[in-house]
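To start, the structure under review is shown below, and the notes come after it.
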Amino acid sequence: MKYWLMKSEPDDVSIDDAIRIGAAPWFGVRNYQARNFMRDQMQVGDGVLFYHSSCAEPGIAGIAEVASTPYPDETQFDEKSKYFDPKATRENPRWILVDVKGVRKTKLLSLTEMRTLPQLASMVVLQKGSRLSITPVTAEEWKAVLKLLS
DNA sequence: GCCAACGTTGGC
DNA sequence: GCCAACGTTGGC
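Numbering follows UniProt numbering, in which position 19 of the first sequence is assigned residue number 19; successive positions increment by one, without gaps.
Printed below as a string of structure tokens:
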């Protein structure tokens with residue numbers, strides 16, 4: 001059992017959307033490190049901190065969980081998608097994703113608040129220059145965040 | 001909209 | 001394999 005923080009633009013998919021939709025493919029990741037986390041390390045049932053980014057109040061907005069094993073991101077094959085990748089083929093797909101299921105909405109733990117909390121200082125997402133859309137979360141960090149959200 | 005910090009691409 | 005140029009992320 002691992003833990004993750006996954007960023008989503010709420011104008012695109014918010015925590016409310018994720019809960020309403022249920023298990024949904026986490027499409028559009030086009031960064032190899034983030035892809036590798038999904039492809040190589042995620043397991044069904046892993047805990048996800050659902051983070052709202054590029055919005056008025058960025059921060060953790062809810063809890064989700066990994067809901068599938070990895071499989072190819074369909075949008076890489078779709079010429080009409082903005083995520084289309086001409087170098088990807090069905091025989092040799094480049095982008096792999098998992099389904100993510102929204103579990104519950106929480107109060108917003110804002111980025112500014114997170115930065116003030118010593119128990120969260122080690123989180124990858126808070127490190128200077130970090131812009132990975134998927135980052136690993138330690139069990140300690142997970143516990144600390146859940147406590148703050150309760 | 002700005003821009004710092006990264007990541008990717010492609011010529012050599 | 002280096003690295004300059006370019007593209008992207010995402011907070012502010």
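We treat Cβ as the ideally placed atom computed from N, Cα and C, and that holds for glycine.
Notebook entry, point to check: Is Met-38 helix, strand or coil by DSSP?
Noted result: Three-state result, Met-38: helix.
Note to self: Among the candidates Asp-73, Ile-21, Asp-11, whose CA atom is the shortest distance from the CA of Ala-56?
What the structure shows: By alpha-carbon distance to Ala-56, the top candidate from Asp-73, Ile-21, Asp-11 is Asp-11.
Next item on the list: May I have a chain-ordered list of the alpha helix (DSSP H) segments no shorter than 4 residues that lie completely inside the UniProt domain "EVE" (2–148)?
Entry: Qualifying alpha helix (DSSP H) stretches, in chain order: 15–21, 32–36, 111–116.
Note to self: So the candidates are Ile-60, Ser-81, Tyr-3, Pro-93; which of them puts its Cα closest to the Cα of Ser-41?
What the structure shows: Contrary to the premise, residue 41 reads as Gln rather than Ser in this sequence. When each option's Cα is compared against that of Gln-41, the closest is Tyr-3.
Next item on the list: Keeping to the same chain, check which residues put their C-beta closer than 6 Å to that of Pro-70; ignore five residues upstream and five downstream.
Entry: Around Pro-70, the same chain offers Met-38, Arg-39, Ile-96, Val-98 as residues with beta carbons nearer than 6 Å, after the five sequence neighbours per side are excluded.
Next item on the list: Out of Glu-9, Ser-122, Thr-75, point me to the one whose CA is closest to Ile-60's CA.
Entry: Of the candidates Glu-9, Ser-122, Thr-75, the one whose C-alpha sits nearest the C-alpha of Ile-60 is Glu-9.
Item checked: CB of Ser-122 within 9 Å of CB of Lys-7, strictly -> No, the Cβ-Cβ distance between Ser-122 and Lys-7 is not below 9 Å.
Notebook entry, point to check: CB Ala-88 to CB Gly-22, shorter than 9 Å?
Noted result: Their beta carbons are not under 9 Å apart, which means Ala-88 does not touch Gly-22 by this criterion.
Notebook entry, point to check: In chain order, what residues of the same chain lie with their CB nearer than 7 Å to the CB of Gly-45, ignoring the 5 residues before and after it?
Noted result: Answer for Gly-45: Met-1, Glu-65, Val-66, listed in chain order.
Next item on the list: Within the same chain, show all residues whose beta-carbon is closer than 8 Å to that of Lys-107, passing over the 5 residues directly before and after it, in chain order.
Entry: Correct list, in chain order: Leu-149.
Notebook entry, point to check: Gly-62 to Arg-90, Cα distance in whole Å?
Noted result: Straight-line Cα distance between these residues: approximately 34 Å.
Notebook entry, point to check: Given a threshold of 16 other Cβ atoms within 10 Å of its Cβ, counted over all protein chains shown, does Thr-112 qualify as buried or as exposed?
Noted result: By the C-beta density criterion, Thr-112 is exposed, having fewer than 16 other C-beta atoms within 10 angstroms.
Next item on the list: Under 7 Å Cβ to Cβ from Glu-140, same chain only, skipping five residues before and after it: list those, please.
Entry: Same-chain partners within the cutoff: there are none.
Check: Are Gly-102 and Phe-27 closer than 9 Å when you measure CB to CB?
Finding: Between Gly-102 and Phe-27, the gap from beta carbon to beta carbon reaches 9 Å or more.
Notebook entry, point to check: Cβ of Pro-93 within 9 Å of Cβ of Phe-77?
Noted result: Contact: yes.
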